[in-house]
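In terms of the numbering used here, the sequence shown opens at residue 62 and continues consecutively. Please read the structure below before turning to the comments.
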Amino acid sequence: MNIMKENLKVSTAFLLIFLISSCSSFSFYKVPVTQGNIFEEEDIEKLQVGQSMDQVQFILGSPMIKDPFHSNRWDYLNLITVGDEKIVEKKLVVIFDDKNLLSSWKIVSE
62 MNIMKENLKV
72 STAFLLIFLI
82 SSCSSFSFYK
92 VPVTQGNIFE
102 EEDIEKLQVG
112 QSMDQVQFIL
122 GSPMIKDPFH
132 SNRWDYLNLI
142 TVGDEKIVEK
152 KLVVIFDDKN
162 LLSSWKIVSE
């Protein structure tokens, strides 16, 4: 009878170890999350020096950041994450001149 109890304890211990270890390898589905502005290469190709702020906003949408201290600079951000991992991180900086016309833009990928 003691041998049966001992075998039952050992079997139960192995079963618990197996079940606990199988849970640790289980991976939950992680949803891709898009944040900020989605701007594609074809959108950027539509930009031309001398366009008004309204024209730029029509092409790219509202900027993510309009700095009150630098009213001639707009920042567009695009971030795609899956879980804690960054898949895409792009930044587009648009600069206007003193007449509020597009003077330059730069893509910064991190």
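In this text, a Cβ means the ideal position worked out from N, Cα and C, and glycines have one as well.
| Check | Outcome |
| --- | --- |
| Cut-off 7 Å between Cβ atoms - residues of its own chain near residue 110, not counting five sequence neighbours on either side | 163, 164 |
| Residue nearest to residue 136 in terms of C-alpha spacing, selected from 76, 122, 75, 93 | 122 |
| Selection from 116, 119, 160, 100 that minimises the alpha carbon distance to residue 141 | 100 |
| Distance between residue 170 and residue 94 (C-alpha atoms, nearest Å) | 18 Å |
| Residue range of the beta strand (DSSP E) that includes residue 169 | 163-170 |
| Integer Cβ distance of residue 117 from residue 134, believed to fall under 8 Å | Their Cβ separation, rounded to whole angstroms, is 12 Å, which puts residue 117 and residue 134 out of contact at 8 Å. |
| Where residue 113 falls: helix, strand or coil (DSSP) | strand |
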